[in-house]
Each structure stands twice: as C-alpha cells, then as structure tokens.
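For reference, the structure discussed in these notes is given below.
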Amino acid sequence: MPTLKPAELYAELRAKNYRPFYIFAGEETYLMEEAWRQLEKGIGVDSLNRETFFGGDVSVDDIIIALQTMPFLAEKRLLLVKDAQKIKAKEAEKLAEYLKMPVTSSCLVLLWQDKLRKDAKSGLFSAVGKTGAVVEFRALYDRELPSWVVQKVAGLGKRISSDAAQYLVQESGSNLLDLYNEIEKLDLFTGAAKEITVKDVEVMSGHTRQANLNQLAEAIEGKKIDEMLAIVEGLLEEGEIPLKILATIYRSVRRLLAAKSLGEERGLSSQEIKQELHLHPYFDRNFLMNVSRYTMAELQKDLELILQADLELKTSVRPEQFIFEELLLGLSGKRVNQAR
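Start counting at 1 in the sequence shown, then tack on 1293, and there's your number in the numbering used here.
Rendered as structure tokens:
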C-alpha cells in the first residue's frame, strides 16, 4: 500500500505524474480539498467532467459506470467519493476488484475522512497496488499551525510575523478552514500593506468564542477564579458546547501537570521545560510562574474533579452552569458556599 505525504503528492503533480486512483485519508478535510482541487487543475478537469458521490448511500455500480464514461472534450474525468469510509463492505469489495485494472481516462479520488490506521482492513487499501496511492492528511499539530499561517499569507504576497501568526491561531483555533477565512479577511483589511501585524490580528479578531477559551486557559493557569466564572458564564450564554469548555479546562490542567512533572520529577530546567512543551516566549511568558502556584497533589486532584464534571455533564439533569461553578471553585481551592 504506497503511502504518500502531501508534499510527495504535490511533487508528483508538478511532474505531471497523475495516478488513476487515490485514497485521501485523514482528519483534515481542508487539506484534502486543497489537494484534489490541485489535481483537478493539473489534469484539466472542468465541471462537466467532474462527478461527486457520497459513501453512505453510493452504489458502486454507479461509480464503475462513471469510471467507464468517456470524458467530454477533455482527456480525463475526475470522480470524487466523499465519506468513502462509509462505503458498505460488499460494495467496497466490488470496487476494489474493479480497481485492480483501473481505466486511464478517469481519476478516482476516495476521500476517506477519518484517521488513517495502519491496520486498515478495507480491501480498497490493498487495491491501491502499484497504480494508485494513499495520501495521509493528518490534522496539523498545534506547533505546526503558525508556520502554515505564514505559508498561506506568503501565498497572498504578504508577510506575517511569528507573533502575529501565533496570535491568529490562538484567536481562531486549529480548524484550517476557519484560519484561512481569517487570513483572507486580514488580507482585505490590510489592503496595500505588505505585512500583517499583531495589531491587525487584534483589531480583526474581535470577540470570539475561541478567544474566550484561550482567556479561560490563562485564567485557570493564574488561579483567577472571578475571571474563570465570568468567562464560562459568557461562553455558555453564547451557546458554546459544554464539553468543549471542559476540554479546554482539561488541557490547561494537563499542561500545568506536565510542566510540574518535568521540573520536580525529571529535574529539567526552566529553559528545558520551555523547549519540551513548545512554550511561546510571548504568549506563554507567565506560564512557568503560574506553575509555581500549584502542587503536584493539587493538579492530580484537579484532574479527578474534571473527570467528575465530565461524568455529570453527560448524565446529570443539573444546570451546566452549576456544574462548572463547582468545578472551577474546586480548581481554585475554594468552596462553593464561599462564592454564593
């Protein structure tokens, strides 16, 4: 099963090496769409020669007929199957058998919109053989996102500082489509200017849920109970998903615990901890100071409180705001009746 990285796929496309069959697999659908559109451009396909199917309800017979259909005033047709991971097993077997000898007048792209597992058992993966390829589009790591932003801004003919790119990621989150939409807004906002600054990002970001989630993480790190309560109340009023709020709280505590463990159990210096956790010199400038506010025992207890809140959010009929209030007061070391 030949597996390509996106960069290797693009190298093949630049060399005009087009395979008749691809599986684009992974969680990052934005990168997948970017890739198939580049493929579409390379093989010169227009809307008349592109056909889209959906894995949940597709008949493989229809795909095979489409594969055998000759292009209209073009060299190739492009067939996309979205949610290919939902193709029924028997249908997948039939398609896999057909693809052992794929036609060259069509290019089939299966968008396997799920994490690529090494033990993928679908016969479609084994059918890739020597003629096709699997391309993995995994979700970018947090540390990779600012570089991705810099690259996309450069594609628009502009520059963005590393601090501004990091700030944009913090404000807009890790969804690449959301990030690119914000980049396009910044491009329009900055007009003829050749550089996008932190100030530009600050002005354009405005009031967003993601910004408040970032502020919540900072408030937790600093044990600022009043800020924690106010931010969570605001997020709930705006309709933010409670489990997403809880996930932010969990990541914040886990990061604090990781830093504490690196320092106390492994004896790492502050500089080594910064490198290990990929701390940003500007946005995480107070993080290590905040770590000193906690003990290992407190942070381990905090994880237990988060687990209890997770269970209660999923099973209890109590108002979500009360559940979060008790959790946050517990994280800050205060009792519920002290704040009421």
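The C-beta atom is built at its ideal place from N, Cα and C for all residues, glycine as well.
Where residue i falls, given that 16 or more other Cβ within 10 Å makes a residue buried
| i | result |
| --- | --- |
| residue 1460 | buried |
| residue 1377 | buried |
| residue 1582 | exposed |
| residue 1399 | buried |
| residue 1342 | buried |
| residue 1513 | buried |
| residue 1365 | exposed |
| residue 1358 | exposed |
Residue i versus residue j: straight-line alpha-carbon distance, rounded
| i | j | result |
| --- | --- | --- |
| residue 1620 | residue 1578 | 26 Å |
| residue 1479 | residue 1392 | 45 Å |
| residue 1335 | residue 1454 | 32 Å |
| residue 1491 | residue 1383 | 53 Å |
| residue 1544 | residue 1320 | 20 Å |
| residue 1477 | residue 1325 | 19 Å |
| residue 1496 | residue 1301 | 38 Å |
| residue 1572 | residue 1368 | 51 Å |
| residue 1306 | residue 1518 | 54 Å |
| residue 1412 | residue 1418 | With a pLDDT of 49 at residue 1412, under the threshold of 50, the modelled position of that residue is not reliable, and the figure given next carries that caveat. Distance between the alpha carbons of residue 1412 and residue 1418: 10 Å. |
| residue 1610 | residue 1318 | 39 Å |
| residue 1340 | residue 1457 | 38 Å |
| residue 1308 | residue 1396 | 21 Å |
Limits of the unbroken alpha helix (DSSP H) element including residue i
| i | result |
| --- | --- |
| residue 1304 | 1299 to 1307 |
| residue 1602 | 1589 to 1608 |
| residue 1345 | It is not in any alpha helix (DSSP H) - residue 1345 instead sits in the beta strand (DSSP E) that spans 1343 to 1347. |
| residue 1328 | 1322 to 1336 |
| residue 1480 | 1469 to 1483 |
| residue 1380 | Segment: none, residue 1380 is in no alpha helix (DSSP H) and carries neither H nor E. |
Own chain residues within Cβ distance below 8 Å of residue i, not counting five before or after
| i | result |
| --- | --- |
| residue 1555 | 1561, 1565, 1566, 1569 and 1570 |
| residue 1420 | 1314, 1388, 1389, 1390, 1392 and 1393 |
| residue 1351 | 1374, 1380 and 1384 |
| residue 1451 | 1480, 1483, 1486, 1487, 1488 and 1489 |
Residues near residue i by beta carbon distance below 6 Å, same chain, minus five either side
| i | result |
| --- | --- |
| residue 1516 | 1586 and 1625 |
| residue 1535 | 1606 and 1613 |
| residue 1297 | 1426 and 1428 |
Beta-carbon contacts of residue i that lie in its chain and below 7 Å, excluding the five residues immediately before and after
| i | result |
| --- | --- |
| residue 1349 | 1376 and 1379 |
| residue 1541 | 1506, 1509 and 1510 |
| residue 1584 | 1549, 1552 and 1553 |
Bounding residues of the beta strand (DSSP E) (the contiguous stretch that carries residue i)
| i | result |
| --- | --- |
| residue 1399 | 1399 to 1405 |
DSSP beta-bridge partners of residue i
| i | result |
| --- | --- |
| residue 1374 | 1346 and 1403 |
| residue 1317 | 1404 and 1428 |
| residue 1635 | Because the chain here runs from 1294 to 1633, residue 1635 falls outside it and cannot be looked at. |
Contact test: residue i Cβ vs the ligand SAM heavy atom, cutoff 7 Å
| i | result |
| --- | --- |
| residue 1319 | Absence of the ligand SAM is noted for the structure shown, with no ligands found whatsoever. |
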